[in-house]
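Chemist: Note that the working numbering has the sequence shown beginning at 30, numbered continuously upward. Backbone N, C-alpha and C define an ideal beta-carbon position, used for all residues, glycine too. Below you'll find the structure I mean.
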Amino acid sequence: MEDKHRIYEQAALGGRVGFGNRAAVVVVDFQRCFVDPSIPGGGDFSDAIEETVRLLEAGRSHGVPIVFTVVAYDDPARDAGRFIEKCPTLKYAVAGSEMVELDERLGRRPDEPVVVKSFASAFFGTTVASYLTGLGVDTVILAGCTTSGCVRASAIDSMQSGFRTVIPRQCVGDIAAEPHEANLFDIDAKYGDVVDLDVVLAALPAPAGNATTG
């Protein structure tokens, strides 16, 4: 079996993008129909949600903008297009239902926007990129589910939108381990930096009122 690490290293993949001048957190699809393992296609992302709560609490204390996304349709069978043929869990994502509500553990605040999307990427057909650009954001920190689906698509579009893209590995999850690890490897090689959450927390700016000068 070929050594993927050696092959990618020889191809000079995996360069670092790092952090820019202003970061934002984008939390992708931690909504009821995807985080409830009793729902077909849903998963138990408790660990990732708990770590995302750590990220959010730190981000809030540091004045970092936070955006949430959910998938929702007035009529999933009509509005989800080909997507629902591949991902039938989307039939539960009915606008206005409890299935599209964010997991309450995230503790979303009123000033943190929830952007409704129809497809995998947080950026495709939404206002996320323009909203973040308007805030002067140059770095997107991604959390959410699933790693192999909407997180991956969002990471690619984040990069393609010109943002430095960082994924704290503890803050994303998938319903199966192999696609989770494979996609983290691929994202880190080509689209963004996959790092430990502690690296992200250490890179956040000083909290408002506590900045120091050298």
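1. Between which residues of its own chain and Asp227 is the CB-CB distance below 6 Å, once the five residues before and five after are set aside?
2. Out of curiosity, what's the CA-to-CA distance linking Pro208 and Cys179?
3. Could you give the distance in angstroms between the alpha-carbon of Pro234 and the alpha-carbon of Met188?
4. Are the CB atoms of Val129 and Phe99 within a distance shorter than 8 Å?
5. Shortest alpha-carbon distance to Ala52 belongs to which of Gly163, Gln60, Ala101, Gln39?
6. Please go through the stretch 98 to 167 and give each complete beta strand (DSSP E) segment of 3 or more residues, from N-terminal end onward.
7. Which value, in whole angstroms, describes the spacing of the CA atoms of Phe153 and Ser190?
8. Ala184 and Ile204 look like a contact to me (Cβ under 8 Å); what is the Cβ gap, rounded to whole Å?
9. Ignore the nearest five residues each way along the sequence and tell me which others in Asp167's own chain have a CB closer than 7 Å to its CB.
10. From Gly110 to Asp104, what does the alpha carbon distance come to, in whole angstroms?
11. Give the list of continuous alpha helix (DSSP H) stretches no shorter than 4 residues that lie fully inside the stretch 47 to 75.
12. Compute the distance between the beta-carbons of Thr176 and Val144, then report whether it is under 8 Å.
13. Quick one: residues in its chain with C-beta nearer than 7 Å to the C-beta of Glu31, no 5 flanking neighbours on either side, listed in chain order?
14. Would you call the CB atoms of Pro66 and Asp73 closer than 8 Å?
15. Return the chain-ordered list of same chain residues with a C-beta closer than 8 Å to the C-beta of Leu84, the five sequence neighbours on each side being excluded.
16. Within 8 Å (strictly less), CB to CB, does Glu127 reach chain C?
17. When we look at the beta-carbon of Glu80 and count the other beta-carbons within 10 Å, is it buried (16 or more) or exposed?
18. When burial is assigned at 16 or more other CB atoms within 10 Å of the CB, is Ala39 buried or exposed?
19. Would you mind giving the Cβ-Cβ distance between Val64 and Gly71, rounded to the nearest angstrom? I have them listed as a contact below 8 Å.
20. Check this for me: beta carbons of Tyr37 and Gly44, under 8 Å apart or not?
Modeler: If we stick to the structure as given:
1. none
2. 13 Å
3. 22 Å
4. As written in the sequence, residue 99 is Val, which differs from the Phe given in the question. Yes, these two residues count as a Cβ contact at 8 Å.
5. Ranking the options by Cα distance to Ala52, first place goes to Gly163.
6. 143 to 146
7. Their backbone Cα atoms lie some 10 Å apart in a straight line.
8. 18 Å between Cβ atoms; not a contact.
9. Gly49, Asn50, Arg51, Phe192, Arg193
10. Rounded to whole angstroms, Gly110 to Asp104 spans 11 Å at the Cα level.
11. With a minimum length of 4 residues, the continuous alpha helix (DSSP H) runs that stay inside the stretch 47 to 75 are 61 to 64.
12. no
13. none
14. yes
15. Val54, Ile170, Ala172, Pro197, Cys200, Leu226, Val229, Leu230
16. Going by chain labels, chain C is absent from the structure shown, which holds only one protein chain.
17. buried
18. First, the residue type needs correcting, since residue 39 is Gln and not Ala in the sequence shown. The residue is exposed, with fewer than 16 neighbouring Cβ atoms inside 10 Å.
19. With 8 Å as the limit, Val64 and Gly71 qualify as a contact, their Cβ atoms being about 6 Å apart.
20. no
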